[in-house]
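Residue numbers (the working numbering): 10 to 107.
Structure follows, in C-alpha cells:
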C-alpha cells in the first residue's frame with residue numbers, strides 16, 4: 010500500500026440488512042445515503058489513525074473496488090473514513106470515536 014491508502018474488506022452484513030420487522034433488505038435496494046462498515050486488511054505508511062483489524066465506517070459511493078486472490082476489497086484514502094470503531098473490550102459507552 011502506498012501513502013495514505015487503506016485496503017478494507019467490506020462486511021457481509023453491511024451489504025444486506027434487516028428491517029425492524031425482520032424483512033431482509035438487499036444491498037441493491039435504493040434508500041437514503043447510507044454508510045458501510047469494513048475491516049482494515051492493509052494500510053500505507055502515511056496512515057496515522059487506523060491499524061490493521063480496525064472496523065471503519067466509509068461512504069460506499071466514494072470507493073474503488075479491487076479483486077485480489079478471488080476476493081473483493083475496497084481501496085480508500087484515510088481522509089475518506091468517517092469513523093473507527095473501538096475494540097469490543099473497551100469500556101467507552103459510545104463504541105466509536107470520530
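Glycine included, C-beta positions come from ideal geometry on N, C-alpha and C. What you are looking at is a predicted structure, and each value in this text was computed from that prediction instead of being measured.
Please report the Cβ distance between residue 72 and residue 90, rounded to the nearest whole angstrom; I am assuming they are in contact, meaning their Cβ atoms lie under 8 Å.
-> Numbered from its first residue, the chain shown carries residue 72 at position 63. Numbered from its first residue, the chain shown carries residue 90 at position 81. Contact between residue 72 and residue 90 is absent: CB atoms are separated by about 11 Å, not below the 8 Å threshold.
Check each candidate in 10, 78 and 59 and name the one with the smallest Cα separation from residue 49.
-> Here residue 49 corresponds to residue number 40 of the chain shown, with the count starting at 1. The residue with the shortest Cα to Cα distance from residue 49 is 59.
Could you pull out every residue in the same chain whose Cβ sits closer than 8 Å to the Cβ of residue 88, ignoring the five residues on either side in sequence?
-> Against the chain shown, residue 88 aligns to sequence position 79. Cβ-Cβ distances below 8 Å link residue 88 to 13 in the same chain, with the five nearest sequence neighbours on each side left out; the list follows chain order.
Simplified DSSP assignment, three categories, for residue 88 | As a first step, residue 88 must be located in the chain shown, where it is residue number 79. Helix, per DSSP.
Residue range of the beta strand (DSSP E) that residue 74 falls in?
-> Taking the chain shown and counting its residues from 1, the one referred to as residue 74 is at position 65. Per DSSP, residue 74 belongs to the beta strand (DSSP E) from 73 to 77.
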